[in-house]
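Trainee:
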Amino acid sequence: MAISEEYAKEHAKSPAVLCCRAEKGVVLTCHNLEDPAIFDDLVDSGLLNLDGVLTIEQVIGATLQDTYDSLTPLTPDKIDAIQEVKEEKEEAPKAEPKAAAPAASFSAPVVGGTLKISIGEGKDIHVSMPLVSGGNGGAATATIPSEGGAPVATVNAEPKLLRTLTRHHYKITEVKRGPETKIEGTTLYIREGIEKDAIASQELVYDLKIDIITPAEYHTYSETIMDVQPIACKEKGSELGSGITRVLDGVIMMVTGTDANGVQIGEFGSSEGILDENIMWNRPGAPDKGEIFIKTQVTIKEGTNMERPGPLAAHSATDVITQEIREALKKLDDESLIVDKETFEQYRRPGKKKVVIVKEIMGQGAMHDNLLLPQEPVGVLGARPNVDLGNVPVVVSPLEVLDGCIHALTCIGPASKEMSRHYWREPLVLETLYDPDVDLVGVVLVGSPQINAEKFYVSRRVGMTCEALEVDGAFVTTEGFGNNHIDFASHIEQIGMRGIPVVGLSFCAKQGALVVGNKYMVSMVDNNKSEGGIENEVLANNTLCHEDAVRALCMLKARMFGQEVKAAERKWNPAVKDSNIELISNVTGKPIERVPNETSLPMSQKRKEKYS
Amino acid sequence: MPMKYGDKIIYMEGIIVRITDGAVGIDLKGRLGYLEIPMRMLITDYPIRLGQEVGFNMSFIEQLSDEPNETYVNNQINKKRAAEQIRSAGKGETHA
Chain S
0 MAISEEYAKE
10 HAKSPAVLCC
20 RAEKGVVLTC
30 HNLEDPAIFD
40 DLVDSGLLNL
50 DGVLTIEQVI
60 GATLQDTYDS
70 LTPLTPDKID
80 AIQEVKEEKE
90 EAPKAEPKAA
100 APAASFSAPV
110 VGGTLKISIG
120 EGKDIHVSMP
130 LVSGGNGGAA
140 TATIPSEGGA
150 PVATVNAEPK
160 LLRTLTRHHY
170 KITEVKRGPE
180 TKIEGTTLYI
190 REGIEKDAIA
200 SQELVYDLKI
210 DIITPAEYHT
220 YSETIMDVQP
230 IACKEKGSEL
240 GSGITRVLDG
250 VIMMVTGTDA
260 NGVQIGEFGS
270 SEGILDENIM
280 WNRPGAPDKG
290 EIFIKTQVTI
300 KEGTNMERPG
310 PLAAHSATDV
320 ITQEIREALK
330 KLDDESLIVD
340 KETFEQYRRP
350 GKKKVVIVKE
360 IMGQGAMHDN
370 LLLPQEPVGV
380 LGARPNVDLG
390 NVPVVVSPLE
400 VLDGCIHALT
410 CIGPASKEMS
420 RHYWREPLVL
430 ETLYDPDVDL
440 VGVVLVGSPQ
450 INAEKFYVSR
460 RVGMTCEALE
470 VDGAFVTTEG
480 FGNNHIDFAS
490 HIEQIGMRGI
500 PVVGLSFCAK
510 QGALVVGNKY
520 MVSMVDNNKS
530 EGGIENEVLA
540 NNTLCHEDAV
550 RALCMLKARM
560 FGQEVKAAER
570 KWNPAVKDSN
580 IELISNVTGK
590 PIERVPNETS
600 LPMSQKRKEK
610 YS
Chain C
0 MPMKYGDKII
10 YMEGIIVRIT
20 DGAVGIDLKG
30 RLGYLEIPMR
40 MLITDYPIRL
50 GQEVGFNMSF
60 IEQLSDEPNE
70 TYVNNQINKK
80 RAAEQIRSAG
90 KGETHA
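Chains as they are written, first to last, in numbering that gives the first Met the number 0: chain S, 0 to 611; chain C, 0 to 95.
#1: When DSSP labels each residue in this structure, what does Lys195(S) get in the three-state scheme?
#2: What are the residues of the region 37-62 of chain C that lie near chain S, defined by any Cβ-Cβ distance shorter than 9 Å?
#3: The ligand ZN and Lys570(S): does the residue's C-beta get closer than 7 Å to at least one heavy atom of that ligand?
#4: What's the C-alpha gap between Asn579(S) and Leu63(C)?
#5: If you measure beta-carbon to beta-carbon, which residues of the region 442-454 of chain S are closer than 8 Å to chain C?
#6: Taking the continuous alpha helix (DSSP H) assigned at Met554(S), which residues delimit it?
#7: Grab the span of the alpha helix (DSSP H) containing Cys232(S) for me, first residue to last.
#8: Counting only C-beta atoms, is Tyr220(S) closer than 8 Å to chain C at any point?
#9: So, at 8 Å on beta carbons, what are the nonlocal neighbours of Val52(S) in its own chain, with the 5 sequence-adjacent residues on each side left out?
#10: Hey, Ile291(S) and Ala285(S) are a contact pair by Cβ (cut 8 Å); roughly how many whole angstroms apart?
#11: At which residues does the beta strand (DSSP E) containing Arg17(C) begin and terminate?
#12: Along the chain, which unbroken stretches of the beta strand (DSSP E) at least 3 residues long are found entirely within the region 516-548 of chain S?
#13: Let me check understanding here. Comparing Cα to Cα, which of Val26(S), Leu336(S), Asn31(S) and His10(S) lies closest to Arg20(S)?
#14: Return the Cβ separation of Asn390(S) and Pro448(S) in integer angstroms, given the expectation that the two are a contact with Cβ distance under 8 Å.
#15: Could you check the C-alpha separation between Tyr422(S) and Asp40(S) for me, to the nearest Å?
#16: List the DSSP bridge partners of Asn73(C).
#17: Quick one: Cα of Glu146(S) to Cα of Ala7(S), how far?
#18: Using a Cβ cut-off of 8 Å (strictly closer), state whether Asn482(S) contacts chain C.
#19: Chain S partners of Gly32(C), CB-CB under 8 Å?
#20: Report the rounded CA-to-CA distance for Ala551(S) versus Val515(S), giving the unit in angstroms.
#21: Using beta carbons (cut-off 8 Å, strictly below), is Asn77(C) in contact with chain S?
#22: Classify Arg48(C) as buried or exposed, calling it buried when 16 or more other Cβ atoms lie within 10 Å of its own Cβ.
#23: Distance check for Ile450(S) and Pro46(C), CA to CA, integer angstroms please.
#24: Taking contact to mean 3 or more Cβ pairs, one atom from each stretch, closer than 8 Å, check whether the region 212-219 of chain S and the region 315-328 of chain S are in contact.
#25: Hey, could you find the ends of the alpha helix (DSSP H) Lys329(S) is sitting in?
#26: Whose Cβ in chain C lies nearer than 7 Å to the Cβ of Gln510(S)?
#27: Considering only C-alpha positions, which residue in the set Leu543(S), Ser44(S) and Glu183(S) is nearest to Pro426(S)?
#28: Going along chain C in order, which residues have a C-beta closer than 7 Å to the C-beta of Asn260(S)?
#29: Name the residue from Val386(S), Pro413(S) and Lys509(S) whose alpha carbon lies nearest to the alpha carbon of Val457(S).
#30: Tell me, to the nearest whole angstrom, how far the beta carbon of Ile171(S) is from that of Val250(S); I am working on the premise that it is less than 8 Å.
#31: Using a Cβ-Cβ cut-off of less than 8 Å, list which residues of the region 483-509 of chain S approach chain C; keep chain order.
#32: According to DSSP, which residues form a beta bridge with Leu32(S)?
#33: Which residues in the same chain have their Cβ closer than 6 Å to the Cβ of Pro129(S), if we skip the five residues on either side of it in sequence?
#34: Classify Ser447(S) as helix, strand or coil using the three-state DSSP reduction.
#35: I need the DSSP call for Pro286(S), collapsed to helix, strand or coil.
#36: Pull up the DSSP beta-bridge partners for Pro376(S), would you.
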C-alpha cells in the first residue's frame with residue numbers, strides 16, 4: 000500500500016521498496032513506495048532482501064530505469080540517480096551565549112561509553128545532563144547536540160514544600176495469640192476468637208483461618224496469595240497522605256483464600272504452593288525475608304470467587320483483623336517503642352521540568368478492582384472502588400500513594416501484580432519525588448475498564464488531565480498484561496499527541512508483548528526480571544523495581560531535553576536492559592543494584608522443569 | 000521450553016456461554032472444547048452478552064515433558080483435601 004507524503008518524510012531513512020508494479024520511466028513519489036513498517040516480517044520470512052537498498056529520501060524524485068513488480072527493493076542500479084538529500088537545516092537554535100559561559104564542549108555518550116564535559120573557563124554554569132536509557136527490547140542511546148551547548152537551567156526558584164508525611168516505625172519480633180489484641184514491647188498479640196468476628200462481618204465469608212508464619216514456617220503450603228499489606232494506622236488528627244503514620248516493622252498481613260469448593264480466589268492458573276518457592280523476597284510489593292506473616296485463609300461462598308463481592312468480602316474480613324491491630328497500635332503511647340522515624344517531603348520545584356506519573360490500575364470488575372483512598376493506610380473503611388468511580392482519572396499526591404491510598408483487590412498473575420504494599424514503597428514515585436531535576440506534579444490513578452469504548456473514554460480524560468497540568472513529561476505504568484495494554488497504549492497516545500514526551504512501563508518481555516502500539520510509544524521500559532520473559536507465578540517477580548524506575552526517569556529526562564531514544568529491537572532482548580543500566584551507571588558514576596530473580600529461590604520442581 | 004509445532008497458528012471461533020464479573024466461558028465451535036478466560040484477556044468492543052461469537056488464533060497444545068510436575072500434583076491433592084474438609088465441616092451448619 001502506498002504511503003503518504005507526511006509518512007514518507009517521517010520514514011525518510013527507511014528502505015525504499017515498491018508497493019506495486021511501476022513502469023519504466025516513472026518518476027518515483029511516495030505513492031510508489033511500500034510502508035516500511037511491514038518489512039521486518041517480510042525479511043524474517045525470506046520474502047524480502049534489503050541488501051544494498053536505498054532509503055526513501057534517496058529515491059523520491061528519481062526515474063525508474065525499468066519496469067518492476069511490487070515489493071522490489073530499490074537499489075542504485077534500478078534508478079537513474081540517487082537523489083541528493085536536502086540538508087534540512089532547521090535553523091539550529093543558536094547557543095545564546097549565557098553570561099560568562101564560554102567554551103563548553105560535549106562528547107556524546109555511546110553505549111557503555113562515558114560522557115565527558117570539558118569546560119575551559121567559566122563561572123555560574125548550570126549543566127542539566129540528559130541521561131539516556133531504553134526498554135522493551137529498545138536500546139537507547141542519545142546524541143547530545145553539540146551545537147546547542149548545555150541545556151541551561153534557567154530558573155532557580157526555591158523548591159516549595161507542600162506537605163510532609165512521617166512514618167513512625169514500631170518493631171515487632173513476635174506475634175502471639177492472646178485474650179486481647181495488643182502490642183507489648185515488640186510482641187503483637189492477636190485476640191483469640193477474632194476469626195468469628197471477621198467471618199460474621201461478611202455474609203459471603205464461610206470460614207477464616209489465621210496462620211502466623213515465621214521464617215521457620217516459610218517452607219509451607221499456602222493458597223494463592225491475594226495481597227500483601229503493611230500494618231499501619233494514622234495518628235490522631237492526621238489524614239492519609241500527610242501527618243504521622245504508625246507502621247509495624249517485621250510483620251505484614253497476607254490475604255489468601257478459596258471458595259467453598261476449594262477453587263482459588265483470584266484469577267486463573269495455579270499460583271498456590273510452597274511459600275518460599277513462590278515469593279520473590281524484598282520486591283516493593285512482596286514480603287521481606289525475615290518478616291512474620293499474619294496470613295488469613297478465607298473461604299468464601301462457592302462460586303463467588305469470580306464475582307465482584309467475593310474477593311472484596313475476603314479482603315474486608317481480613318481487614319477486621321488488621322483494623323483491630325491498628326486500634327492497638329493507635330493506643331501505644333510509649334515513644335521508646337519507635338525504632339525509626341522516616342519523613343517524606345513533597346516538594347514542587349518551580350522552573351524544573353514538570354512531570355506526572357499516570358498509574359493504570361485494574362478496573363475490569365470482579366477481582367480486577369482497587370479500593371481508593373481509605374481512611375487508614377490500605378484499609379477498607381472510607382474507600383471507594385475505582386470501578387464504581389467509573390475508572391476515571393483520580394489525582395492523588397505522591398505521599399498519598401506512599402501512605403497506602405490504594406488497597407489492591409487486583410488478582411492478576413502473581414508475578415506482575417502490584418500488591419497493596421507495592422504502592423507503599425512505589426519505586427517510581429520515590430525516585431521521581433526525590434529527583435531535584437524534576438518537578439513531580441502528582442500521581443494520576445486511572446482504572447482499566449473492560450470495554451474498549453470505556454477504555455478510550457478514560458484515556459481521553461487522562462490526556463485532558465495532562466494537558467491541564469501543563470506537564471513537560473509523563474510516565475504511564477500498568478501492571479500485568481492483557482486488554483489493559485489497549486488503554487495503556489491509548490493513554491500514551493493521548494498524552495503524546497499533545498506534544499508531551501511519555502515513557503511507558505509495563506511487564507512485556509515475551510509473554511506480555513504489547514497487543515497494540517502507536518507512534519508515541521517510543522520510550523518503553525520493561526519490568527521483566529524473569530529469565531524466560533514470562534509470567535512465572537513467583538509473587539512480584541516482574542513488578543516495577545528501583546532499577547526500572549531509574550531507567551524510566553533517565554529516559555524521560557532524555558526525551559524532555561529533546562534527545563532521541565533509539566527504536567526497540569523487534570524481538571525481546573534482555574541485553575538491552577543491561578546495556579542501558581550500564582550506560583546510566585557510567586554517566587552517573589553510581590552503580591545500579593540489580594534485584595535478583597526467581598533463580599535465587601530454592602528451585603521448586605516446576606521451575607526446574609521450566610528452566611532446565 | 001521449545002515446542003515442536005509452535006508455529007501452526009489456526010483461526011478458531013467460539014461462543015460466549017458463561018459470564019461472571021471476572022471471567023467468560025467460551026464453547027469452541029466444532030466440539031473442540033471449552034475455555035474459561037479472565038476478563039482482561041478478552042478484547043471487547045461491545046458489552047459482553049451470552050451467545051456472542053468470538054474469534055482467536057491458537058495452536059495445538061503439546062506436552063512439554065513426560066514427568067508430571069510434583070508441585071502441581073501436590074496442589075491438586077491439597078485442593079481436593081481442602082474441598083472435602085470444607086464440605087464435611089459445613090454439613091448441618093447454616094450460613095448467616
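We put the CB at the ideal spot given by N, CA and C, even for glycine.
Just so it is clear, the structure is predicted and the values come from calculations on it, not from any experiment.
Mentor: Inspection of the coordinates gives the following:
#1: helix
#2: Pro37, Met38, Arg39, Met40, Leu41, Ile42, Thr43, Asp44, Tyr45, Pro46 and Ile47
#3: This structure does not include the ligand ZN; it has no bound ligands of any sort.
#4: 34 Å
#5: Ser447, Gln449, Ile450, Asn451 and Ala452
#6: Under the DSSP assignment, Met554(S) falls in the alpha helix (DSSP H) whose first and last residues are His545 to Met559.
#7: According to the DSSP assignment, Cys232(S) belongs to no alpha helix (DSSP H) but to the beta strand (DSSP E) extending over Ala231 to Lys233.
#8: yes
#9: Pro14, Ala15, Val16, Pro72, Leu73 and Thr74
#10: Contact doesn't hold; Cβ gap of about 14 Å is too wide.
#11: It spans Ile9 to Ile18 - the beta strand (DSSP E) in which Arg17(C) sits, taken as one unbroken run.
#12: 523-525
#13: Asn31(S)
#14: 5 Å
#15: 40 Å
#16: Bridge partners of Asn73(C): none, in fact.
#17: Its pLDDT being 39, under 50, Glu146(S) is placed unreliably in this model, and the coordinates cannot settle the point.
#18: yes
#19: Here the premise fails: no neighbours, minimum Cβ distance about 16 Å.
#20: 20 Å
#21: yes
#22: exposed
#23: 7 Å
#24: no
#25: Pro308 to Lys330
#26: By Cβ distance, chain C contributes nothing, its closest Cβ being about 12 Å from Gln510(S), past 7 Å.
#27: Considering only alpha carbons, the answer is Leu543(S).
#28: Ala82
#29: Val386(S)
#30: 4 Å
#31: Asn483 and Ile485
#32: Leu17(S)
#33: Since pLDDT at Pro129(S) reaches only 46, below the 50 mark, its modelled position is unreliable, and no value is offered.
#34: It is a strand residue.
#35: coil
#36: Here Pro376(S) is not bridged, per DSSP, to any residue.
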